[in-house]
Structures are given as C-alpha cells and as structure tokens.
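Asks:
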Amino acid sequence: MLLVSTEASSAVADEPTCGALSYYDGSCPTYDVGEDSIELGASSEVPGTGGSSGGSYGYDTGGAAYSPVEDPALDSVEEAWCDIQRIECVPWTPPADDADGKTGPITISDIASFRPQAPAAGMQPNQWMIVGLDTNFYATTSAHVVDGILFGGTAQVRFTPIAYNWDYGDGSTSTTSNPGRTWAKYRITEFDPTPTSYVYQEPGNYTITLAVTYAAEYRVAGSSWQNVVGTLTIVAPPLTATAGHATTVLVDQDCIANPTGIGC
0 MLLVSTEASS AVADEPTCGA LSYYDGSCPT YDVGEDSIEL GASSEVPGTG
50 GSSGGSYGYD TGGAAYSPVE DPALDSVEEA WCDIQRIECV PWTPPADDAD
100 GKTGPITISD IASFRPQAPA AGMQPNQWMI VGLDTNFYAT TSAHVVDGIL
150 FGGTAQVRFT PIAYNWDYGD GSTSTTSNPG RTWAKYRITE FDPTPTSYVY
200 QEPGNYTITL AVTYAAEYRV AGSSWQNVVG TLTIVAPPLT ATAGHATTVL
250 VDQDCIANPT GIGC
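In structure tokens, the structure reads:
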C-alpha cells in the first residue's frame, strides 16, 4: 500500500462561516473548522467498497486542510438542498467544542463512511512496453460529490484528487499533480514523451501501481464547503505489462500483401 500525506499546517478562512447546528436554529455563530489541525501520529486503513475495483483506502488524519478550486458544476445547490438532492434532510450535531470553546475540525477519519469513486490506471501501449521508448501512463478520476450521513445528519463530501503516485515496478516511483491523458488527447504520435510517461531500461515483466491522494471538503444542508483536515489515498487496481526490445526493418510489402513477411 502506498500512502501519501501532506505536511501538517493550519488553514484559516478569510471570512467566518455559519456553523451547521446554528444553521438550523437561526443564531448562526461563527467558527472556523480549518483554524486548527489534529495530529494523530499514524495512518489507518479500511477495506474499500468500490465494487470490483479492488482499491484500498488509506486515511491520514495528520495532513493539512485543502484549499479548494471551486467547480460551479459541483456548487449548484439552492436553498431547498435536500429536495434537490432527493434525500431526507436530518439535522446534525457538530463535533464537541474544545477547551477554548471552538468547534473542533472535521478530520478525514470523521468521514470514513463516505466512499469516493475508485480511480483507474491506464497505459499506452496496453500491457506492453518497448525498452528505451516512452510508455504513457494516465489516471482516470476527477472531483466528485458523495451524499451521506455525518454526525447523524445529512451531509455531502466532495473528494478532489491532488496527487498521483506511480510505482513502475522496477524500483522507480514518481508523484505528480498531473493525471495524464492519452496520446490521442495530446494530439501526438505513439511513443512521444508526455508529462506522465516513463522509459523502461530493461526487458521483463512489471506490475505498475497507481495510488491517488484526495483532499476532501464537506457541507451540511446546502451551506458552504468546509475543509476536512487530512488526506485520503486510494490504490487503483494494478497494471501488469511486459517490456521488450523492438527491431525495425524496411520491407517492400505490408503484412496484407505478404502475410509471411518479416514481422507479420
């Protein structure tokens, strides 16, 4: 399991936001869930439930809160939030106040019941590589919202991929913020280098593993998104591929005209 965490820090909102409990009673005191951070000193893992994906989940409660990039497609929620979402609205109870009278932050372990979509890894060529030439790797995942129950009340959690961690199976690894894309989407030819391509130096059979790290935000009853402290890493189903040498020769006919020709 490849687990990736961010360094602990504090993130303070520029403007105060209305607390979830007060959202219901109308008093609306202010608090900042990102003001403090919680360091538990260890990560825990729970089995994934992403269908046949086989992915696994690693929770890191010691990370820093995520600064989101707003996506209008995921923010189009009006006042009748639960009616629009077709789910039953249930008031929630926020975390207990700490010794200073501030509402405790929501951590990644608090949202363990919210299961994000499992990522998938892709490669070109599919399941084979040529030694010395670029193999293109890419991840299939995106920001998405999951409905559920948080502290007994109706809530949503938005998961946003922030890092893609590749293990190429030959002892080399890389971490990037770029999910990558296919050669066709880059409008380049096969074996051209890409920001997420890798060159194998030795022939052999390899197992390639992708682990995607997600930041999370939550909201209740259509209130604004609030940061969740920590990150979540999900491992995609591994890829298996064979690397070998290739030899180029010039022939006067293709394999259709000469099926017994070299390379046919």
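Taking numbering that gives the first Met the number 0, the leading residue of the sequence shown gets 0, the next gets one more, and so forth.
Ideal placement from N, C-alpha and C gives every residue a C-beta, glycine not left out.
Everything numeric in this text was worked out from a predicted model, so none of it was measured.
(1) Please list, in chain order, all residues of the same chain as residue 245 whose beta carbon is under 7 Å from its beta carbon, the five residues on each side excluded.
(2) Between residue 184 and chain E, is the shortest Cβ-Cβ distance under 7 Å, so that the two count as touching?
(3) Evaluate residue 168 with the Cβ neighbour count: other Cβ atoms within 10 Å of its Cβ, from every protein chain shown; 16 or more gives buried, anything less gives exposed.
(4) Do the CB positions of residue 230 and residue 212 come within less than 7 Å of each other?
(5) If you follow the beta strand (DSSP E) that residue 197 is part of, which residue opens it and which one closes it?
(6) Would you mind giving the Cβ-Cβ distance between residue 155 and residue 146, rounded to the nearest angstrom? I have them listed as a contact below 8 Å.
(7) For residue 138, report the span of its beta strand (DSSP E) as first-last.
(8) Residue 193 and residue 135 look like a contact to me (Cβ under 8 Å); what is the Cβ gap, rounded to whole Å?
(9) How close, in whole Å, do the beta carbons of residue 233 and residue 117 come, if the pair is a contact with beta carbons under 8 Å?
(10) So residue 167 is in the beta strand (DSSP E); what residue range does that whole segment cover?
(11) Taking DSSP as the reference, what is the three-state secondary structure of residue 223?
(12) Apart from the five residues just before and just after residue 139, which ones in its own chain have a Cβ nearer than 7 Å to its Cβ?
(13) Per DSSP, which residues does residue 143 bridge with? Please list them.
(14) Ends of the beta strand (DSSP E) at residue 214?
(15) Between which two residues does the alpha helix (DSSP H) carrying residue 240 extend?
(16) So, at 6 Å on beta carbons, what are the nonlocal neighbours of residue 190 in its own chain, with the 5 sequence-adjacent residues on each side left out?
(17) Who are the near neighbours of residue 257 in its chain, counting only those whose CB is closer than 6 Å to its CB and skipping five residues on each side?
(18) Take the Cβ of residue 107 as the centre, count every other Cβ of all protein chains shown within 10 Å, and call the residue buried at 16 or more, exposed below.
(19) By the DSSP assignment, the alpha helix (DSSP H) with residue 183 in it spans what residues?
(20) Applying the 10 Å Cβ sphere with the 16-neighbour rule, what's the burial state of residue 111?
(21) Run through DSSP, which three-state label would residue 110 get?
Replies: Let me lay it out:
(1) 129
(2) Note that chain E does not occur in the displayed structure, where there is just one protein chain.
(3) buried
(4) yes
(5) 196 to 198
(6) 6 Å
(7) 133 to 139
(8) 5 Å
(9) 6 Å
(10) Element bounds for residue 167: n/a, residue is neither H nor E.
(11) coil
(12) 118, 119 and 121
(13) 158
(14) 203 to 218
(15) Unbroken run through residue 240 is the beta strand (DSSP E), 238 to 243; no alpha helix (DSSP H).
(16) 132 and 133
(17) none
(18) buried
(19) 182 to 185
(20) exposed
(21) helix
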